[in-house]
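From first to last, the protein sequence lines stand for chains A and B. Under this note's numbering, think of the first position of the first sequence as 1, with each following residue one higher. Under this note's numbering, think of the first position of the second sequence as 1, with each following residue one higher. For each residue, glycine too, the CB sits at the ideal point set by N, CA and C. Bear in mind the structure is a predicted one, so any value in this text is a computation, not a measurement. Working notes, structure below.
Protein chains: 2
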Amino acid sequence: MSTSSSLIDKAVDQLSRFPGIGKKSALRMALYLLKQSEGETIELSESLLKLRTEIKFCKQCFNISDADLCNVCVSPSKDDSVVCIVKDFQDVIAIENTGQYNGHYHVLGGLISPVDGVGPNDIKIPELISRASAGVIKEAIVALSSTLEGDTTEYYIAKKLRELGVEVSTLSKGIAVGGELEYADEMTLARSIKNRTKMNY
Amino acid sequence: MSTSSSLIDKAVDQLSRFPGIGKKSALRMALYLLKQSEGETIELSESLLKLRTEIKFCKQCFNISDADLCNVCVSPSKDDSVVCIVKDFQDVIAIENTGQYNGHYHVLGGLISPVDGVGPNDIKIPELISRASAGVIKEAIVALSSTLEGDTTEYYIAKKLRELGVEVSTLSKGIAVGGELEYADEMTLARSIKNRTKMNY
């Protein structure tokens with residue numbers, strides 16, 4: 001698909017690199033811009049550039065941030081005795097959006113993966129241990145994906161943190177809320193039977 | 001939904017203005033940029049800005065163009081005795097992509113709509129008539145949507161062009177190719193029976 005304008009072709013090519021955006025959606029986006037005021041495109045273009053060039057990583061938890069310390073780390077209402085250990089800053093956004101967690105975070109930036117040559121020192125585990133050594137953190141919730149790499153990383157972190165006297169817990173595994181039982185995979189279903197929860201109501 | 005960074009929030013807000021892009025897709029797009037090299041964002045940002053500020057409209061057919069005359073108008077392989085009259089530059093892209101049309105275009109930039117106060121002189125109809133007056137155009141294909149505004153505009157253009165001795169045709173209306181008969185609306189079905197085509201094979 002190519003149009004009568006190389007400017008459009010270029011923009012379509014760039015926009016279609018986004019995940020989930022195909023050539024047709026990208027063309028629709030480009031044509032949308034042409035119908036808006038020039039100011040709108042300038043604003044969009046600047047905010048994308050600023051996003052990429054001015055974003056920082058929190059010096060304490062490695063979450064994305066506008067300043068040296070992120071909003072969560074500086075918030076006085078957050079419980080600093082609990083830390084939730086996640087792989088990526090997306091996970092922080094996902095957990096924050098639940099509104100059910102009121103502690104701090106630690107973003108690893110990856111998972112231990114011997115196959116890919118990623119060891120504990122290649123991700124933010126040393127920083128986590130030195131943070132935990134300060135003695136403020138009492139509980140750590142390991143919130144990683146339930147994959148081989150996730151489980152390996154979880155095991156390693158749990159071992160190290162327990163040595164420092166930190167209580168370690170992990171996300172409960174089981175069937176999805178609102179999910180149909182017949183579509184749950186066998187492993188998940190087996191785990192959700194094994195880890196069944198007592199009903200108190 | 002808000003994140004720990006106002007830069008991300010701003011970018012998400014900007015991206016979610018695109019048609020078909022919600023807050024969640026916009027966030028995924030913003031986070032995607034953060035994981036790519038800085039150069040990629042600079043390139044994207046520049047190509048969007050260039051698209052909006054450097055795009056021109058063809059002086060002859062009002063299609064979008066990089067130069068004073070668009071690719072179609074300057075192409076020596078296009079038949080300049082046929083002109084296809086469309087509402088928008090998207091329509092040009094759609095028709096060009098069929099690969100079945102080898103003539104020129106004329107982009108109206110709107111449709112006659114008395115309700116909205118849009119008359120023949122508010123869109124590129126005077127330019128079309130002066131173009132047709134030159135005597136090169138022998139046939140005009142009116143390719144407008146089959147709506148009240150489309151039909152009004154079609155009727156007006158056909159009347160004016162016939163006065164200049166130009167043969168005027170319109171797109172055939174009927175059931176969609178590959179479409180199920182039972183899902184076609186009554187008006188379309190009635191029209192496709194009335195305008196039935198003789199089978200020659």
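Check	Outcome
CB contact check: Asn121 (chain A) to chain B, cutoff 7 Å	no
Three-state secondary structure (DSSP) of Ala208 (chain A)	Nothing can be reported for residue 208 (chain A), as the shown portion of chain A is limited to 1 through 201.
Same chain, Cβ closer than 7 Å to Tyr105 (chain B), five either side skipped, listed in chain order	Cys61, Asn63, Val72, Val83, Cys84, Val86 and Val92
Reduced DSSP secondary structure (H/G/I, E/B, other) of Val166 (chain A)	coil
Reduced DSSP secondary structure (H/G/I, E/B, other) of Ser146 (chain B)	coil
Alpha-carbon to alpha-carbon, Ile125 (chain B) and Asp88 (chain B)	13 Å
Beta-carbon contacts of Asp102 (chain A) that lie in its chain and below 7 Å, excluding the five residues immediately before and after	The question names Asp, yet the displayed sequence has Asn at residue 102 (chain A). These residues qualify, in order along the chain: Lys78 and Asp79.
Burial state of Ala26 (chain A), where buried means 16 or more other Cβ atoms lie within 10 Å	buried
Backbone CA spacing between Glu167 (chain A) and Ser133 (chain A) [nearest angstrom]	13 Å
Any chain A beta carbon closer than 7 Å to Lys87 (chain B)	no
Best match in A:Ser5, A:Val107 and A:Gly119 for proximity to Leu69 (chain B) [C-alpha to C-alpha]	A:Ser5
Span separating the alpha-carbon of Ile42 (chain A) from that of Gln100 (chain A)	38 Å
8 Å CB neighbourhood of Glu96 (chain B) in its chain, flanking five on each side removed	Val72
Sub-7 Å separation of Glu149 (chain B) and Ser113 (chain B) beta-carbons	yes
Against chain A: residues of the stretch 55–74 of chain B by CB proximity under 7 Å	Ile55, Asn63, Ile64, Ser65, Asp66, Cys70, Asn71 and Val72
Beta carbon proximity, Glu38 (chain A) to chain B, threshold 7 Å	yes
Glu154 (chain B) burial status per 10 Å Cβ neighbour count (16 or more: buried)	buried
Cβ distance (whole Å) where Glu81 (chain A) is taken to contact Glu139 (chain A) below 8 Å	For the sequence presented, residue 81 (chain A) should be read as Ser rather than Glu. Confirmed, about 7 Å.
Three-pair Cβ contact test at 8 Å for the stretch 47–56 of chain B versus the stretch 9–17 of chain A	yes
Interface positions of the stretch 16–28 of chain B facing chain A (Cβ-Cβ less than 8 Å), listed along the chain	Arg17, Phe18, Pro19, Gly20, Ile21, Ser25, Leu27 and Arg28
Test: Ile93 (chain B) CB closer than 7 Å to a CB of chain A	yes
The alpha helix (DSSP H) enclosing Ile95 (chain B), as first and last residue numbers	Phe89 to Thr98
Local conformation of Val177 (chain B) per DSSP, three classes	coil
Terminal residues of the beta strand (DSSP E) in which Lys84 (chain B) lies	Looking at the sequence itself, residue 84 (chain B) is Cys, so the reference to Lys does not match. Looking at the DSSP string, the run of the beta strand (DSSP E) that includes Cys84 (chain B) is Asp79 to Val86.
DSSP three-state assignment for Ser5 (chain B), whether helix, strand or coil	coil
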